[in-house]
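What follows is a short report on a single structure.
2 protein chains.
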Amino acid sequence: MADPIKNILKNNHDIKVNGSLWLESADGHFFGPGPVELLERIAETGSINMAAKAMNMSYKKAWALVNALNTQTSTPVVIAQTGGKKGGGSTVTHEAIELIKYHRQLRERFKDFLEKETQLLKT
Amino acid sequence: MADPIKNILKNNHDIKVNGSLWLESADGHFFGPGPVELLERIAETGSINMAAKAMNMSYKKAWALVNALNTQTSTPVVIAQTGGKKGGGSTVTHEAIELIKYHRQLRERFKDFLEKETQLLKT
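Sequence lines, in order, name chains A and B. Quick note: the first sequence uses the working numbering, first residue 535, plus one each step. Quick note: the second sequence uses the working numbering, first residue 535, plus one each step.
Here it is in structure tokens:
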């Protein structure tokens with residue numbers, strides 16, 4: 535029987551398997567946790583500005599992300615309104631909700647994978 | 535039934551789930567693909583220098599990695615000899631072989647996870 539890896543590596547107690555996950559396509563576009571969090575917060579607040587603030591992100595960067603997202607999707611995921619009496623307001627589409635849902639489930643499965651691997655590391 | 539995500543995201547054909555994986559402990563030490571590849575190459579070549587060259591890594595950096603590895607493991611994983619008639623030569627220990635084996639299996643399981651998720655993305 536092989537030595538448990540935790541016996542080879544020091545700091546047995548707190549060692550864990552961790553990682554990151556993203557969606558990518560051959561043309562270099564990718565879709566990671568940042569854009570999804572932005573989508574989630576726009577869905578919650580109805581505002582790109584508030585979503586950006588909550589993420590300590592500049593309004594400019596948030597807009598760039600929204601534009602990038604809308605370019606990467608077959609139909610826009612954020613419908614942005616600028617100006618107007620109420621100072622704008624943005625809504626997310628059905629497709630955005632689907633993306634958010636998918637992403638949450640994917641994270642959940644990845645979390646399970648990492649937890650299983652961390653357990654395996656210690657046995 | 536929800537829309538397949540591939541219908542929401544453009545570039546359906548080549549989209550895939552990708553990610554990276556590492557081992558980490560609370561004190562900030564971590565053990566990723568780089569050190570493992572170095573170990574593998576030292577095991578193959580019996581030489582830190584040749585291993586470093588094969589990875590386009592400076593000798594200095596390779597040594598730093600080896601020292602870091604030996605500090606993170608309960609027994610050294612690389613036994614390095616410098617100088618001497620044959621100009622040095624390094625061997626890896628049983629523990630290094632175990633680490634390499636574990637790491638390969640972990641990568642294999644992660645690859646399976648990513649492939650499964652990529653398939654799921656397209657259905």
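Where a beta carbon is used, it is the ideal one built from N, C-alpha and C, also for glycine. For clarity, every value in this text was computed on a predicted model and none was experimentally measured.
- Taking 7 Å as the CB threshold, B:N552 lines the interface with chain A.
- Using a 10 angstroms sphere on the CB of B:Q606, the tally of other CB atoms reaches 16 or more, which defines it as buried.
- Of all residues in the region 601-614 of chain B, only T605, Q606, T607, S608, T609, V611 come within less than 9 Å of chain A when Cβ atoms are compared, listed by chain position.
- Three or more Cβ pairs drawn from the region 546-556 of chain A and the region 541-558 of chain B lie within less than 8 Å of each other, which places the two stretches in contact.
- Every beta strand (DSSP E) of 3 residues or more that sits fully in the region 579-639 of chain A is shown, in chain order, as 612-615, 623-626.
- Taking 7 Å as the CB threshold, A:L633 lines the interface with chain B.
- With its beta carbon at least 7 Å from every one in chain A, B:A598 lies outside the interface.
- Assigned with DSSP and collapsed to three states, B:K544 falls in coil, not helix or strand.
- In the structure shown, B:G553 adopts extended strand secondary structure according to DSSP, grouped into three states.
- Under a criterion of Cβ atoms nearer than 7 Å, the residues of chain A adjacent to B:K544 are, in order, Q606, T607, S608.
- For the region 556-575 of chain A, the set of positions with a beta-carbon nearer than 9 Å to some beta-carbon of chain B reads W556, L557, E558, S559, A560, D561, H563, F564, F565 in chain order.
- Under the Cβ distance rule, A:D548 counts among the residues neighbouring chain B, one pair being separated by less than 7 Å.
- Per DSSP, the beta-bridge partners of A:F564 are A:E558.
- Its chain contains I613 as the residues whose beta carbon lies nearer than 6 Å to that of B:T625, once the 5 sequence neighbours on both sides are disregarded; these appear in chain order.
- Residue state for B:T652 is assigned as helix, using DSSP reduced to three classes.
- The beta carbon of B:P610 is closer than 6 Å to those of N604 in its chain, skipping five residues each way along the sequence.
- Around A:A585, the same chain offers L572, R575, I576, T579, A596 as residues with beta carbons nearer than 7 Å, after the five sequence neighbours per side are excluded.
- The alpha-carbon separation between A:S581 and A:G568 amounts to approximately 16 Å.
- Look at B:E629: its C-beta is under 7 Å from a C-beta on chain A.
- An exposed status is given to B:H628, since fewer than 16 other beta-carbon atoms sit within 10 Å of its beta-carbon.
- The residue from B:L640, B:A598, B:L655, B:M591 with its alpha-carbon nearest to that of A:L654 is B:L640.
- Closer than 7 Å to the CB of B:I582 there is not a single CB belonging to chain A.
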